[in-house]
Amino acid sequence: MRLLTHNMLSCNIKGVTNGFPLRLEVEKFVEKEVDFSAEFLRNIFPKIEWKALVDASRSMGYSQLPDEADSSMLDSDDFLKKFHHALLELHLEEGVLICPETGRRFPVNKGIPNMLLHEDEV
Amino acid sequence: MNTLFRTTESPFLQYLNQPSTSDRRRRISSLPVRIGLGRSTRTGLAKTTTRMMASSSSAATETVGREVLKKGIADFYDESSGIWEDIWGDHMHHGFYNPDVQASISDHRSAQIRMIEESLSFAGVPEDSLKKPKSIVDVGCGIGGSSRYLARKYGAQCQGITLSPVQAQRAQALAAAQGLADKQVSFQVADALQQPFPDGQFDLVWSMESGEHMPDKKKFVSELARVAAPGATIIMVTWCHRDLSPSEDSLKPEEEKLLNKICDAYYLPAWCSAADYVKLLQSLSLQDIKAADWSQYVAPFWPAVIRSALTWKGLTSLLRSGWKTMKGALAMPLMIEGYQKDLIKFAIITCRKPK
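These protein sequence lines are chains W and D, in that order.
Its first residue numbered 1, the first sequence is counted upward by one per residue in full-length UniProt numbering.
Its first residue numbered 1, the second sequence is counted upward by one per residue in full-length UniProt numbering.
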């Protein structure tokens, strides 16, 4: 699961109002090289919750993202490379995603999150 | 082709609109629990549910029934995805054919791609670089055929959800093998009735032949609408039963009987009609609602699937795959019967979320 995906996942247990972003518990992660596309990054930037990305990348050991970002920074090659690396190249293979409100744990196995809810959570 | 179905009052809608307890007892046959019973108690699904129905309230029964159905769906696809992919490739949906054509096996793959393109065209999804979809959700993504196709077509980011862990893994592996994974597509094990996304995420909400598995059509459609961004397009291509005429309260008993047999084999809950979907979309204030019956354009599909199952490769694969897959294969003539009797309809329903 790369952080682009993490940035779009939330916990929708019944009654939860604050299910995003999910905290990461990392058991195994890998870094995969991905083709760089400035256009893709510029297109996706408006949809990204920046703080969630920063926090998630820190839990994977990457602290190079600035705390805040705005679209003017998309002109900087240096910024784009860091954005690219955090968003697309850090992969959680094994671990847990944790709901910030309920503490509910969603497992991630072989890179695939399992977001199925139990009967009493819907 | 662009016909808005008459909005007839169907008994299924009563179920959708949370009726009184007595109505729910009467409509108990709509619950996924009951569908597996058919007229006998042969299946494990049936035996479990008979005990459940005897001892619990209808709400608890429904919950258990849902869990049984979800597990059944996941297991069915865990077991049969591989053999399907082996013979038919990575698109697990009907092809779109010119009417009355005898298609050869090599035509089917392009027909499946045509199904995607015709659906996008019917829904009027913009293609220019400013307005085309940038983020897409594939609800009931199978092994990711649509996800990969759409991500490539629009240069967009696509999330796929499926109940089957085996499918999610395979979808991811195929994306990686095709050089897509790391940028554009990702897959999660998740329930379409509780999509794990915040509101308003996606420019294109895609459900290709997954709606028939959803036990709560109202919740299914609500979730599609919830995760759609303002101005987004929602596309559902799904199996429905024929619309009911104004004088009808329900399908005829022999029609229900045929559908029940199909439900049992394919882990489907109660069917609804395209008109029922249209009514649901209207109740959610969605715009530009369009619906069409594409049954005539998919007619060659099931005969072709049966022919592929009867090849040496097909038969040996079936025997190796497991009982659920074999039961599914044996039910294929029932699908043809349903289409021939104008009972089963292959429907496309699309709309837009208001800006």
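Yeah, the Cβ is synthetic: ideal placement off N, Cα and C, and Gly gets one too.
- Within chain D, no C-beta atom comes nearer than 9 Å to that of G95 (chain W); the closest sits roughly 14 Å away.
- Taken in chain order, the unbroken stretches of beta strand (DSSP E) that lie wholly in the region 51-111 of chain W and span 3 residues or more are 90-98, 105-109.
- If you draw a straight line from the Cα of F106 (chain W) to the Cα of A52 (chain W), it comes to about 17 Å.
- In this structure, the beta-carbon distance from S147 (chain D) to A177 (chain D) does not fall below 8 Å.
- Minimum Cα-Cα distance from G140 (chain D) among the listed residues D:I336, D:Y277, D:I235, D:Y339 corresponds to D:I235.
- K345 (chain D) has its alpha-carbon roughly 6 Å from the corresponding atom of R242 (chain D).
- Between the beta-carbon of S308 (chain D) and that of Y339 (chain D) there is about 18 Å, and that puts the pair past the 8 Å contact cut.
- Residue range 332-340 is occupied by the alpha helix (DSSP H) that includes E337 (chain D), with no beta strand (DSSP E) assigned at that position.
- Counting only Cβ-Cβ distances below 9 Å, T63 (chain D) has contacts in chain W at E119, D120, V122, in chain order.
- Shown in chain order are the members of the region 138-161 of chain D whose Cβ falls below 9 Å from a Cβ of chain W: G155, A156, Q157, Q159, I161.
- According to DSSP, residue pairing for W206 (chain D) in a beta bridge involves D:D138, D:I235.
- The three-state secondary structure of S129 (chain D), taken from DSSP, is coil.
- Identification of chain D residues near F20 (chain W) by a Cβ-Cβ cut-off of 8 Å yields P198, ordered along the chain.
- Residue state for C158 (chain D) is assigned as strand, using DSSP reduced to three classes.
- Fewer than three pairs of CB atoms, one per stretch, sit closer than 8 Å, so the region 257-270 of chain D makes no contact with the region 192-204 of chain D.
- Annotated as distal: R2 (chain W) and S129 (chain D), with beta-carbon spacing of 8 Å or more.
- Under the 8 Å Cβ criterion, the region 245-256 of chain D does not count as touching the region 225-232 of chain D, having fewer than three qualifying pairs.
- Going by C-alpha positions, I73 (chain D) is about 15 Å away from M326 (chain D).
- Chain order gives the chain W residues near Q188 (chain D) as M1, T5, L9, I112, P113, N114, M115, where near means a beta carbon separation below 9 Å.
- From the listed residues D:E85, D:T63, D:T238, D:L174, the smallest Cα separation to A347 (chain D) is found for D:T238.
- In the DSSP assignment, E27 (chain W) falls within the unbroken beta strand (DSSP E) covering 23-31.
- Partner residues in the beta bridge of I344 (chain D), as assigned by DSSP, are D:H241.
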